[in-house]
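Here's the structure we're looking at; comments come further down.
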Amino acid sequence: MLAKRIIPCLDVKDGRVVKGVHFVDLRDAGDIVDNARYYNQEGADEVCFLDITATHEGRKTFADQVERAARELFVPLTVGGGIGSIEEFRTMLLAGSDKVSINSAAVRDPDLITRAAERFGSQCVVVAIDARRVSAPDGSVSFHVYVRGGREDTGIDALWWAEEAERRGAGEILLTSMDTDGTRNGFDLELLHEVCRRCSIPVIASGGAGSPEHFYEAFEAGADAALAASLFHYRELSIGDLKQYLRNRGVSVR
Amino acid sequence: MIGVMDYGMGNLHSVCNALHHIGVPCEIFRDPDMCGTYTGLILPGVGAFPDAMRALEASGLADRVRTCAGAGQPLLGICLGMQLLFEESTEFGTTKGLGLIPGRVTRIRAPGLKIPHMGWNSLHVWTPDDPLASHIREGDYVYFVHSYKAETGTENLVASTEYGERIPALVRTPGLPVYGAQFHPEKSHETGLGILKDFTSLCGEVPNP
């Protein structure tokens, strides 16, 4: 039976991990390779690196670091953050990532999804969606797609956009709720449920994980995988303990 | 020295990273004449079957691999590389494969399940005494990404998985060290690395314990 995936996500700035693994004696908590090696051993089903660098030099460093980390990682690797062209896609795949996630660039140029899928295969095209609830004057609530790190409301309906991304060839949706992100109160189950019932590609839940129950709820709502960052980095929850909890509740995990 | 075939399809570095990690020397090569100089061959691959087969035929690798494998040189096909070992595939029309393992490649029939079959799935072992099964325990998880699957007799199965139907996961040509893994051993953590250790041992290499 296909296992539900647990994915730790690491933010990388100028080639260094920001808020990396903090509770074990890593030689260097900011070193991407040490972090990769740690999560490889810890039982992560996949690892995600998100580049939050703004500068061109920083991006080049990121690709170099991905290449180093990929040598120590024997589970799939997804990278994202600022990727906007087929050439950048190719750079990341050659550096050793298995999947590339695109966010703002896909909104700006939806055809990029199709071009990347035709060139490299849908399986490595992850469309990341940052969604937030927006109330209309008549009181109705909908989910909008935000871009540029959550600073800009595109006005695009997030549920429509998830379906559109699939139609255009995305292999997976990385769905972050900006309403729950950072709250530790659980994933956005309503958003998750709405996207999962519309899409037939895998959906990764992101934003709001604070306890093992939250992961269970996300999988019940239809998620194929769940992603978290600080919860794992500070070892408030170990991946091993989380999987044991899920196993006990009848969820198929590796 | 293991030879990893480069015919323009897929990420070869992941396979090499995994081999380096287990302490086995490897080299990426294109020249068909090099085939016979390696202790064993790995045929990776991501993409579509017809493109891959065309590239293999055009480079001359297809003929040479058939000859080397038929003469007993160990061969491991991974993902699309595994599918290429069969007689034919129905992906985008019917295309002949390398014909090293009896069977054909067809689209996964998994009503109600997502295609591609992507993620970690568990193995059922058919031949626990096979040299490549020594590190696999019943139920171990490995990483799959594919939309097509092999249809082949159970006599060719080392391990299978379930995804709406039975999916051949690790196959072999009876009597020859010719293997195919539908999953990615290089992305399947300890189980996958164990399979690569067993394969390279079979080639006469000495991987790290």
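Taken in order, these protein sequences are the chains called Y and S.
Going by our numbering, the first residue of the first sequence is number 1, and it counts up by one from there.
Going by our numbering, the first residue of the second sequence is number 1001, and it counts up by one from there.
All residues carry an ideal CB built from backbone N, CA and C; glycine is no exception.
These figures come from a predicted structure and were not determined experimentally.
Relative to S:G1047, the option among S:Q1083, S:L1202 and S:S1122 whose CA is nearest is S:Q1083. Among the residues of chain S, those whose CB is under 8 angstroms from the CB of Y:M1 are N1121, S1122 and E1162, following chain order.
C-alpha of S:A1110 to C-alpha of S:A1150: approximately 14 angstroms in a straight line.
Counting along the chain, no beta strand (DSSP E) covers Y:F187, and no H or E run does either.
Remark: C-beta atoms of S:L1113 and S:Y1163 approach each other more closely than 8 angstroms. For Y:Q65, no CB of chain S lies under 8 angstroms from its own CB, so it is not counted at the interface with that chain. Straight-line measurement puts the Cα of Y:Y39 at about 22 angstroms from the Cα of Y:F187.
If only complete runs of 3 or more residues are kept, the stretch 48-110 of chain Y shows the beta strand (DSSP E) at 77-80 and 99-102, in order along the chain. Legend: CB atoms of the stretch 1099-1121 of chain S lying less than 9 angstroms from CB atoms of chain Y belong to residues L1113, K1114, I1115, P1116, H1117, M1118, G1119, W1120 and N1121.
Contact between the stretch 218-235 of chain Y and the stretch 2-16 of chain Y is established, with three or more Cβ pairs separated by less than 8 angstroms.
CA-to-CA, the gap between Y:P212 and Y:N248 works out to about 11 angstroms. Taking a cut-off of 8 angstroms for Cβ pairs, the stretch 83-99 of chain Y and the stretch 1004-1014 of chain S touch, as three or more such pairs fall below it. With respect to the C-alpha of Y:C196, the residue from Y:V12, Y:G139 and Y:A158 having the closest C-alpha is Y:A158. Per DSSP, the beta bridge partners of Y:A228 are Y:P8. Non-local beta-carbon contacts of S:L1202 in its own chain, meaning distances under 8 angstroms to residues more than five positions away in sequence, involve G1040, P1074, P1131, L1132 and P1177 in chain order. In chain order, F1144 and V1145 place their CB closer than 7 angstroms to the CB of S:M1118, counting only its own chain and leaving out the 5 sequence neighbours on each side. By alpha-carbon distance to Y:I83, the top candidate from Y:D179, Y:A116 and Y:A229 is Y:A116. Contacts with chain S (Cβ-Cβ distance below 7 angstroms) from the stretch 237-252 of chain Y involve no residue at all. The alpha-carbon of S:N1208 is positioned some 25 angstroms away from that of Y:V66. A residue is called buried once 16 or more other Cβ atoms fall within 10 Å of its Cβ, and S:M1005 is buried on that count. For Y:A3, same chain residues with a beta-carbon under 8 angstroms away, outside a window of 5 residues either side, are D45, S252, V253 and R254 in chain order. S:V1142 is the residue among S:G1175, S:V1142 and S:T1106 whose C-alpha sits nearest the C-alpha of S:I1078. In the three-state reduction of the DSSP assignment, S:K1149 falls in the strand class. The Cβ of S:Y1143 sits closer than 8 angstroms to at least one Cβ of chain Y.
For the stretch 1082-1165 of chain S, the full-length beta strand (DSSP E) segments reaching 3 residues or more read 1086-1089, 1101-1107, 1117-1122, 1141-1146, 1148-1151 and 1157-1162 along the chain.
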